[in-house]
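A.B. asks: This is the structure I have questions about; it appears just below.
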Amino acid sequence: MPFPKRLAVIRKDKGFTQQMMADKAGIHVSQYKRYESGNSQPTLEVFRKIILALNVSSDMMLFDEDERGPSDEQLKLQFEAVSKLEPKEKEALKTVIDGVLLMHDAKRYTDRANN
Numbered sequence: 214m215p216f217p218k219r220l221a222v223i224r225k226d227k228g229f230t231q232q233m234m235a236d237k238a239g240i241h242v243s244q245y246k247r248y249e250s251g252n253s254q255p256t257l258e259v260f261r262k263i264i265l266a267l268n269v270s271s272d273m274m275l276f277d278e279d280e281r282g283p284s285d286e287q288l289k290l291q292f293e294a295v296s297k298l299e300p301k302e303k304e305a306l307k308t309v310i311d312g313v314l315l316m317h318d319a320k321r322y323t324d325r326a327n328n
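In this text, residue positions in the sequence shown follow the working numbering: the first is 214, and each later residue adds one.
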């Protein structure tokens, strides 16, 4: 879903009018309407104000539900389980993942260098 449509959908889901959103973001309502119509793109600072006003993540505003994160269902379940781990366990798991990613990158680099 394009950003302007997503912006309008989330705003409406939150029960805000365009005027309310403009007020919350500290911008003029006519400018806000341009964002929803797709005639203008907010600056990074205004985008930040909008997501704070809507109380959503920037990922939610920019990406479709399945566009970010693991697409593999088993990985999704495992990442959900990780959120329940103790901080030391999370850190250990992060170290393992970082190591595997480094090995993968090194292999790709070596493969490219050999070809």
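Glycine included, each C-beta is placed from N, C-alpha and C at the ideal position.
May I have the straight-line CA-CA distance separating Val269 from Asp236, to the nearest angstrom?
C.D. replies: If you number the sequence shown from 1, residue 269 lands on position 56. If you number the sequence shown from 1, residue 236 lands on position 23. If you take the alpha carbons of Val269 and Asp236, they lie about 17 Å apart.
A.B. asks: Could you compute how far the alpha carbon of Val295 sits from the alpha carbon of Lys225?
C.D. replies: Residue numbering aside, residue 295 sits at position 82 when the sequence shown is read from its first letter. Residue numbering aside, residue 225 sits at position 12 when the sequence shown is read from its first letter. Straight-line Cα distance between these residues: approximately 33 Å.
A.B. asks: When we look at the beta-carbon of Leu267 and count the other beta-carbons within 10 Å, is it buried (16 or more) or exposed?
C.D. replies: Looking up residue 267 in the sequence shown gives position 54. Label assigned to Leu267: buried.
A.B. asks: Out of Asp277, Ser243, Glu280, Gly239, point me to the one whose CA is closest to Phe335's CA.
C.D. replies: Residue 335 is absent from the structure shown; the chain starts at 214 and stops at 328.
A.B. asks: At the level of alpha carbons, what is the spacing between Val222 and Leu275?
C.D. replies: Your numbering for residue 222 matches position 9 in the sequence shown. Your numbering for residue 275 matches position 62 in the sequence shown. The alpha-carbon atoms of Val222 and Leu275 are separated by roughly 13 Å.
A.B. asks: What residue ranges within the segment 257 to 316 form continuous alpha helix (DSSP H) runs of no fewer than 4 residues, ordered along the chain?
C.D. replies: Taking only runs of at least 4 residues, the alpha helix (DSSP H) segments lying wholly in the segment 257 to 316 are 257 to 267, 271 to 275, 286 to 295.
A.B. asks: Output needed for Ser250: all residues of its chain with C-beta closer than 7 Å, excluding positions within five of it in sequence on either side, in chain order.
C.D. replies: Along the sequence shown, read from residue 1 onward, the residue named residue 250 stands at position 37. Around Ser250: Pro217.
A.B. asks: Phe330 lies in the alpha helix (DSSP H); which residues open and close that run?
C.D. replies: Residue 330 falls outside the range modelled here, since the chain spans only 214 to 328, and no answer is possible.
A.B. asks: For Asp285 and Glu304, what's the separation of their Cα atoms in angstroms?
C.D. replies: Position 72 of the sequence shown holds residue 285. Position 91 of the sequence shown holds residue 304. When rounded, the distance between both Cα atoms is 23 Å.
A.B. asks: Just the C-alpha distance for Glu302 and Ile310, rounded to the nearest angstrom, thanks.
C.D. replies: For the purposes of this step, residue 302 is taken as the residue at position 89 of the sequence shown. For the purposes of this step, residue 310 is taken as the residue at position 97 of the sequence shown. Approximately 12 Å, taken between the alpha carbons.
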